[in-house]
């Protein structure tokens with residue numbers, strides 16, 4: 001992701017609008033753009049369901065060891081008809097799903113979990129009593145979420161406060177049978193601590209759509225582990241989502257160039273100046 | 001006690017005169033020659049119900065993995081380590097949310113799959129021999145003909161037992177009816193699908209992808225043409241493969257076996273004991 005910050009803005013004095021083809025804005029210095037009167041467009045909402053689909057896909061692939069076992073089949077190792085104790089995974093139905101960050105994507109994750117009769121607990125900066133009532137969510141503090149969850153899924157934006165939100169201390173609090181899912185931003189997790197946690201069995205497995213750094217270097221020790229499933233940031237990679245994102249980003253761009261309010265503006269306070 | 005892969009044939013039964021009970025660790029008993037057991041008064045037990053949710057979980061896992069390219073992603077990032085720069089154009093998948101799922105054969109496992117699919121806002125169609133209007137009401141699923149299901153579904157999942165009628169239920173003609181963008185999931189029994197027709201359909205782009213947890217034969221031979229394709233996931237019969245479920249299955253199968261040996265009613269019987277007195 002390209003950095004859009006002071007130096008870039010200095011070099012572009014006639015810039016009228018910034019249109020980001022994503023919902024995450026950690027690569028944009030939004031405060032600086034606001035100071036300079038530049039509206040910043042982004043694409044919330046249209047990718048929430050597709051991203052939740054990928055997060056859930058990674059959760060399930062990790063739980064049922066699909067990538068690993070398929071590789072074993074492809075390597076010609078499936079020789080006996082039945083291995084009753086081989087490739088055993090963990091159940092998803094009726095387990096506890098802990099969601100950190102209850103925005104649109106977090107909510108979509110919760111809805112999917114309900115289809116598996118999961119017990120959904122969440123932790124977030126702000127409580128959502130409306131969602132608690134409608135979807136049967138239970139708000140808990142972070143230590144409770146980490147201790148009780150069978151699956152922990154991260155859905156926060158990357159900010160200075162959420163950098164390394166999940167580190168050694170948090171991973172040690174999780175169950176040894178638990179699975180961590182990160183489809184938010186790589187740096188929300190301390191990757192070195194995650195490697196240790198997976199290697200030493202502090203947690204059972206992880207599913208990642210985002211890494212730190214991105215792309216993950218070939219020499220990264222996470223790539224030596226069997227109990228991690230990594231996808232190269234495909235959360236929104238479907239025709240419908242990317243199409244909707246592109247349309248929205250284009251409309252934001254055109255609106256900005258024409259001096260009109262953006263369709264989805266990340267810094268609406270820019271218009272109050 | 002049998003896990004379901006060695007056929008329990010009339011010949012095998014004939015050469016085991018003291019055989020009193022067969023306890024299958026699993027729900028499908030297509031490999032047991034039930035007619036011979038009935039004639040000889042041999043009890044047969046299985047483990048229904050207990051694996052329905054775990055198998056439905058695996059069905060969704062395979063569906064999601066195929067739809068969103070989780071296995072190609074794993075290969076790209078972790079196996080061949082080719083992820084060198086952010087490329088927004090790779091590994092585009094098929095949306096699962098709001099897609100149409102067609103469930104062929106809706107027993108306990110199919111019912112559990114329907115429930116999960118609805119949580120993804122999928123439109124769920126089903127075909128089975130006897131309609132279940134109560135389930136239509138409960139789950140919000142729609143009954144359609146077999147042909148219609150194949151024609152309009154984005155994902156087709158098979159949940160029929162293996163019988164003479166369902167052998168090669170999905171063959172060349174059925175695959176031709178499916179959408180070119182469709183994905184087939186088979187977690188039922190290998191022979192329900194004609195594997196050579198499946199290979200042709202995948203190779204020629206008649207359907208977009210498939211995920212199979214069961215094959216014909218099992219294990220699949222290592223030089224089978226299906227294994228040369230990258231738009232199919234082949235998992236080694238893991239439908240019920242979780243620690244909890246396998247333990248429960250083992251316990252049920254043991255209860256069946258002990259009852260059968262004592263000539264008592266099997267708790268989960270296909271054929272109850274009928275010992276000549």
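Protein chains in written order, with the numbering used here: chain A, 1 to 273; chain B, 1 to 277.
Ideal placement from N, C-alpha and C gives every residue a C-beta, glycine not left out.
What you are looking at is a predicted structure, and each value in this text was computed from that prediction instead of being measured.
Between the CA atoms of residue 195(B) and residue 122(B) - distance to the nearest angstrom
By 1-based counting over the second chain, the position of residue 122(B) is 122. By 1-based counting over the second chain, the position of residue 195(B) is 195. Looking at the two C-alpha atoms, the distance is approximately 27 angstroms.
For residue 118(B) and residue 140(B), which I take to be in contact (beta-carbon distance under 8 angstroms), what is that distance rounded to the nearest angstrom?
Taking the second chain and counting its residues from 1, the one referred to as residue 118(B) is at position 118. Taking the second chain and counting its residues from 1, the one referred to as residue 140(B) is at position 140. About 6 angstroms; that satisfies the 8 angstroms criterion.
Anything in the region 102 to 130 of chain B with a Cβ closer than 9 angstroms to a Cβ of chain A? List those residues in chain order, please.
112, 115, 116, 117, 118, 119, 120 and 121
So, residue 98(A) versus residue 64(A), is the Cβ gap smaller than 8 angstroms?
The residue given as residue 98(A) occupies position 98 in the first chain. The residue given as residue 64(A) occupies position 64 in the first chain. No, the pair does not count as a contact, with Cβ atoms beyond the cut-off.
Does residue 82(B) pass the burial test, meaning 16 or more other C-beta atoms within 10 Å, or should it be called exposed?
Here residue 82(B) refers to the residue found at position 82 when the second chain is read from its first residue. With fewer than 16 other Cβ atoms within 10 Å, it is exposed.
So, does the CB of residue 191(B) fall closer than 8 angstroms to a CB anywhere in chain A?
The residue you call residue 191(B) lines up with position 191 of the second chain. Closer than 8 angstroms: no.
Any 3 or more C-beta pairs closer than 8 angstroms across the region 20 to 35 of chain B and the region 57 to 72 of chain A:
A contact between stretches requires three or more CB pairs, one per stretch, nearer than 8 angstroms, and the region 20 to 35 of chain B fails this requirement with the region 57 to 72 of chain A.
Got a sec? Which residues, its chain only, sit under 7 angstroms from residue 210(A) by beta carbon, not counting five neighbours each side?
Position 210 of the first chain holds residue 210(A). Here the set comprises 182, 183, 184, 185, 186 and 233.
Relative to chain B, which residues along the region 103 to 133 of chain A have a C-beta separation below 7 angstroms, given in chain order?
111, 112, 114, 115 and 116
Give the secondary structure of residue 196(A) by DSSP, where H, G and I count as helix, E and B as strand, and everything else as coil.
Here residue 196(A) is taken as the residue at index 196 of the first chain, counted from 1. Three-state DSSP puts residue 196(A) in a helix.
Along chain B, which residues have their Cβ under 7 angstroms away from the Cβ of residue 79(A)?
Translated into the one-based positions of the first chain, residue 79(A) becomes position 79. Chain B residues near residue 79(A): 219.
Any 3 or more C-beta pairs closer than 8 angstroms across the region 69 to 79 of chain B and the region 251 to 260 of chain B:
no
Cα-Cα, which of 215(A), 222(A), 266(A) and 247(A) is closest to residue 84(B)?
Translated into the one-based positions of the second chain, residue 84(B) becomes position 84. Ranking 215(A), 222(A), 266(A) and 247(A) by CA distance to the CA of residue 84(B) puts 215(A) first.
Using Cβ-Cβ distances below 7 angstroms, what residues of the region 214 to 238 of chain A are close to chain B?
214, 215, 216, 218, 223, 229, 230, 231, 232, 233, 234, 237 and 238
8 angstroms Cβ cutoff met for residue 163(B) and residue 109(B)
Start at 1 with the first residue of the second chain, and residue 163(B) comes out as number 163. Start at 1 with the first residue of the second chain, and residue 109(B) comes out as number 109. No, the Cβ-Cβ distance between residue 163(B) and residue 109(B) is not below 8 angstroms.
Can you say whether residue 255(A) is buried or exposed, counting buried as having 16 or more other CB atoms within 10 angstroms of its CB?
Locating residue 255(A) in the first chain gives position 255, where the first residue counts as 1. That one is buried.
For residue 277(B), three-class secondary structure by DSSP
Residue mapping note: residue 277(B) aligns to position 277 of the second chain, counting from 1. Any reading at residue 277(B) is ruled out, since the residue's pLDDT is 41, under 50, leaving its predicted position unreliable.
Around the C-beta of residue 89(B), are 16 or more other C-beta atoms found within 10 angstroms, so that it is buried, or is it exposed?
If you number the second chain from 1, residue 89(B) lands on position 89. Its Cβ having fewer than 16 others within 10 Å, residue 89(B) is exposed.
Since residue 41(A) sits in a beta bridge, which residues does DSSP pair it with?
Mapped onto the first chain, residue 41(A) falls at position 41. 19(A) and 265(A).
Can you tell me whether DSSP reads residue 187(B) as helix, strand or coil?
On the second chain, position 187 is the one that residue 187(B) refers to. Judged by DSSP in its simplified three-state form, residue 187(B) adopts coil rather than helix or strand.
Which residues in chain A have a C-beta closer than 7 angstroms to the C-beta of residue 78(B)? List them in chain order.
Taking the first residue of the second chain as 1, we reach residue 78(B) at position 78. Chain A residues near residue 78(B): 223 and 230.
Report yes or no: do three or more beta-carbon pairs, one from the region 99 to 107 of chain A and one from the region 148 to 162 of chain A, lie closer than 8 angstroms?
yes
Alpha carbon to alpha carbon, how far is residue 160(A) from residue 161(B)? Give it in angstroms, no decimals.
For the purposes of this step, residue 161(B) is taken as the residue at position 161 of the second chain. For the purposes of this step, residue 160(A) is taken as the residue at position 160 of the first chain. Straight-line spacing of the CA atoms in residue 161(B) and residue 160(A) works out to 54 angstroms.
Straight-line gap, residue 276(A) to residue 208(A) (C-alpha atoms, nearest Å)
The question about residue 276(A) has no answer here: the residues shown for chain A are numbered 1 through 273.
Continuous beta strand (DSSP E) assignments of at least 3 residues falling wholly in the region 97 to 145 of chain B
100 to 104, 123 to 127 and 141 to 143
Starting from residue 56(A) and walking both ways along the beta strand (DSSP E), at which residues does that stretch end?
Taking the first chain and counting its residues from 1, the one referred to as residue 56(A) is at position 56. Per DSSP, residue 56(A) belongs to no beta strand (DSSP E); it is in the alpha helix (DSSP H), 48 to 64.
On the premise that residue 81(A) lies in contact with residue 219(B), defined as a C-beta separation below 8 angstroms, what is that separation, rounded to the nearest angstrom?
Position 219 of the second chain holds residue 219(B). Position 81 of the first chain holds residue 81(A). Between residue 81(A) and residue 219(B) the Cβ distance is about 6 angstroms, and since that is below 8 angstroms, they are a contact.
Provide the residue span of the alpha helix (DSSP H) that contains residue 256(A), from first to last.
In the first chain, residue 256(A) corresponds to position 256, counting from 1. Element bounds for residue 256(A): 239 to 257.
Since residue 28(A) sits in a beta bridge, which residues does DSSP pair it with?
Here residue 28(A) is taken as the residue at index 28 of the first chain, counted from 1. Answer by DSSP bridge pairing, in chain order: 4(A).
Would you kindly check if the distance between the Cβ of residue 236(B) and the Cβ of residue 87(A) is under 8 angstroms?
The residue given as residue 87(A) occupies position 87 in the first chain. The residue given as residue 236(B) occupies position 236 in the second chain. In contact: residue 87(A) and residue 236(B) (Cβ atoms closer than 8 angstroms).
Range of the contiguous alpha helix (DSSP H) that encloses residue 195(B):
Here residue 195(B) is taken as the residue at index 195 of the second chain, counted from 1. 195 to 203 is the extent of the alpha helix (DSSP H) around residue 195(B).
If you measure from the beta carbon of residue 186(B) to each beta carbon in chain A, is any gap under 8 angstroms?
If you number the second chain from 1, residue 186(B) lands on position 186. Closer than 8 angstroms: no.
Give the residues from the region 45 to 62 of chain A that approach chain B closer than 8 angstroms (Cβ to any Cβ), ordered along the chain.
49, 50, 52, 53, 54, 56, 57, 58, 60 and 61
Listed by chain order, chain B residues near residue 93(A) by CB distance under 9 angstroms:
Walking along the first chain from the start, residue 93(A) turns up at place 93. Residues of chain B passing the Cβ test: 53, 54, 56, 57, 112 and 116.
For a test of the three-state rule: what should DSSP assign to residue 119(A), helix, strand or coil?
For the purposes of this step, residue 119(A) is identified with residue 119 of the first chain, where counting begins at 1. Residue 119(A): strand per DSSP, three-state reduction.
Please list the partners that residue 69(A) has in chain B, where partner means a Cβ-to-Cβ separation under 7 angstroms.
Translated into the one-based positions of the first chain, residue 69(A) becomes position 69. The contacting residues are 235, 236 and 238.
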